[in-house]
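This note's numbering applies: residue 1 is where the sequence shown begins, and numbers increase by one. Ideal placement from N, C-alpha and C gives every residue a C-beta, glycine not left out.
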Amino acid sequence: MLPLLLVCLSALVLRGQSLDSLLTRVTTHHPELRALYLEYEAALERAPQVSTLPDPEVMAGVFVLPVETRLGPQWVRLGATQMFPWKGTLPTRKDAVLAMSRARYEQWRARQLQLTYELKKAWYELYRLRKSQAIIRQQIELLHALQRLATTMVESGKATMADVLRVQLRIEELEEQVARFGALEAGPLARINELSVRPLDAPVSLPDTLPLAALPWQRDTIEAHLRAGHPLLRMYAALQDEARKQLELNELARKPSLAVGLDYIMVGKRSDASPDGNGRDVLSPRLGLKVPVYTRKFDARAREEELRIRAFEADKDAAVLRFTATIAQAWAQWDEARATLAAADAQADVLHA
């Protein structure tokens, strides 16, 4: 749920070069992102398909029994017909397809954001596990020194073996924690390598320390930026645009379509008479209308698209709620971490004084 923060806060935490290179591999090599982008490009190719006139119809016929006319028998009939949809239909179809392609593009961007967030989350989890092990090892070294001191004091009669045993038990407990944290590294390490399309056991380099993130923006600024630019919200907006175009197409579909045609009839000459124009061929233009009569389907389609628009608006509202809640949680965690770090620094100053 935190990928929305990474749009605004991606540069707020110091990252090693290895993380930057891993993020680059996610965006350029991950097969799921490649598939989504190819779907977007495929959606763009639909625009020229829907914005052209339908193919003309060509027909040919032979009169098995010639039709006798005053100018001669009719032998062959050729014809061609071209349908023309109502004005504005073809551009609106293209606009609807382009709106859907924009939704595909924003879906790709949203998924890219999600995958980079998941990689960062795994990377920081791996850092936490390794840093925890390093801190515990330092504690173990101090306990070993304390154990040696306690053993010396036992030999001099100033301590008992119970004191030594307590230190040994604490050392064993900490060593178990180190082993457990080491075993837990396999999870985030595998996730990092999976997302960056590398061998699952490939090593990941980490920096020695990371400072507390600095937040240069206020919460209201971040929330406003997310409402305006988050790809998930832009995807829902594009889907709403596509549904509105479908409403326009539905209204245009209620209009008649125009058919323009031309027939050519080959006429043979009469042998029993010689009228003016004997054997003259026939050229017959045609004009027709395809009139929608059954309109219940158009009413149902209009209700369908209106419901889709409302559904996408609800999806946007739900996403905004998730985003604002996530921002509030992340901000509270950051405040808590800042207070904890300040308290630890104060304790360190007291110890070193």
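Straight-line Cα distance separating residue j from residue i
{"i": "Ala60", "j": "Trp108", "result": "50 Å"}
{"i": "Arg244", "j": "Gln82", "result": "29 Å"}
{"i": "Ser284", "j": "Thr92", "result": "33 Å"}
{"i": "Gln139", "j": "Arg130", "result": "14 Å"}
{"i": "Arg148", "j": "Glu176", "result": "21 Å"}
{"i": "Asp208", "j": "Leu174", "result": "21 Å"}
{"i": "Gly157", "j": "Ala145", "result": "18 Å"}
{"i": "Pro216", "j": "Phe84", "result": "58 Å"}
{"i": "Ala325", "j": "Arg219", "result": "11 Å"}
{"i": "His230", "j": "Leu262", "result": "54 Å"}
{"i": "Asp163", "j": "Leu142", "result": "15 Å"}
{"i": "Arg280", "j": "Arg254", "result": "42 Å"}
{"i": "His225", "j": "Arg104", "result": "21 Å"}
{"i": "Glu125", "j": "Leu189", "result": "9 Å"}
{"i": "Ala35", "j": "Glu305", "result": "28 Å"}
{"i": "Arg301", "j": "Ala80", "result": "33 Å"}
{"i": "Arg355", "j": "Ala179", "result": "As displayed, the chain neither begins before 1 nor continues past 353, which places residue 355 out of reach and without an answer."}
{"i": "His352", "j": "Lys316", "result": "53 Å"}
{"i": "Ala342", "j": "Glu155", "result": "42 Å"}
{"i": "Leu5", "j": "Phe181", "result": "Any reading at Leu5 must be qualified, since the residue scores a pLDDT of 40, below 50, and its modelled position is unreliable; no value is offered."}
{"i": "Glu223", "j": "Ala110", "result": "17 Å"}
{"i": "Arg70", "j": "Ala273", "result": "9 Å"}
{"i": "Glu41", "j": "Pro211", "result": "41 Å"}
{"i": "Lys120", "j": "Arg102", "result": "27 Å"}
{"i": "Ser205", "j": "Ala339", "result": "29 Å"}
{"i": "Arg310", "j": "Ala332", "result": "33 Å"}
{"i": "Gln133", "j": "Ser18", "result": "21 Å"}
Anticipated Cβ contact below 8 Å, residue i with residue j, distance rounded
{"i": "Leu98", "j": "Ala47", "result": "6 Å"}
{"i": "Phe298", "j": "Asn250", "result": "6 Å"}
{"i": "His29", "j": "Val197", "result": "4 Å"}
{"i": "Trp86", "j": "Pro256", "result": "7 Å"}
{"i": "Leu115", "j": "Leu195", "result": "6 Å"}
Coil, strand or helix - residue i by DSSP
{"i": "Pro48", "result": "helix"}
{"i": "Glu68", "result": "strand"}
{"i": "Pro91", "result": "helix"}
{"i": "Trp86", "result": "coil"}
{"i": "Gly288", "result": "strand"}
{"i": "Leu31", "result": "Residue identity check: residue 31 is Pro in the sequence provided, not Leu. It is helical."}
{"i": "Trp108", "result": "helix"}
{"i": "Gln333", "result": "helix"}
{"i": "Gln74", "result": "strand"}
{"i": "Val62", "result": "strand"}
{"i": "Pro231", "result": "helix"}
{"i": "Gly187", "result": "helix"}
{"i": "Asp272", "result": "coil"}
{"i": "Asn250", "result": "helix"}
{"i": "Leu210", "result": "coil"}
{"i": "Val197", "result": "coil"}
{"i": "Tyr294", "result": "coil"}
Buried or exposed by the 16-neighbour rule on C-beta atoms within 10 Å, applied to residue i
{"i": "Lys269", "result": "exposed"}
{"i": "Ile192", "result": "buried"}
{"i": "Pro292", "result": "exposed"}
{"i": "Arg286", "result": "exposed"}
{"i": "Gly187", "result": "exposed"}
{"i": "Glu57", "result": "exposed"}
{"i": "Phe323", "result": "buried"}
{"i": "Gln49", "result": "exposed"}
{"i": "Asp335", "result": "exposed"}
Bridge partners - residue i, DSSP secondary structure assignment
{"i": "Thr81", "result": "Glu57 and Gly261"}
{"i": "Leu283", "result": "Tyr264"}
Within-8 Å CB hit, residue i to chain C
{"i": "Ala183", "result": "Structure shown: chain C not included; a single protein chain is present."}
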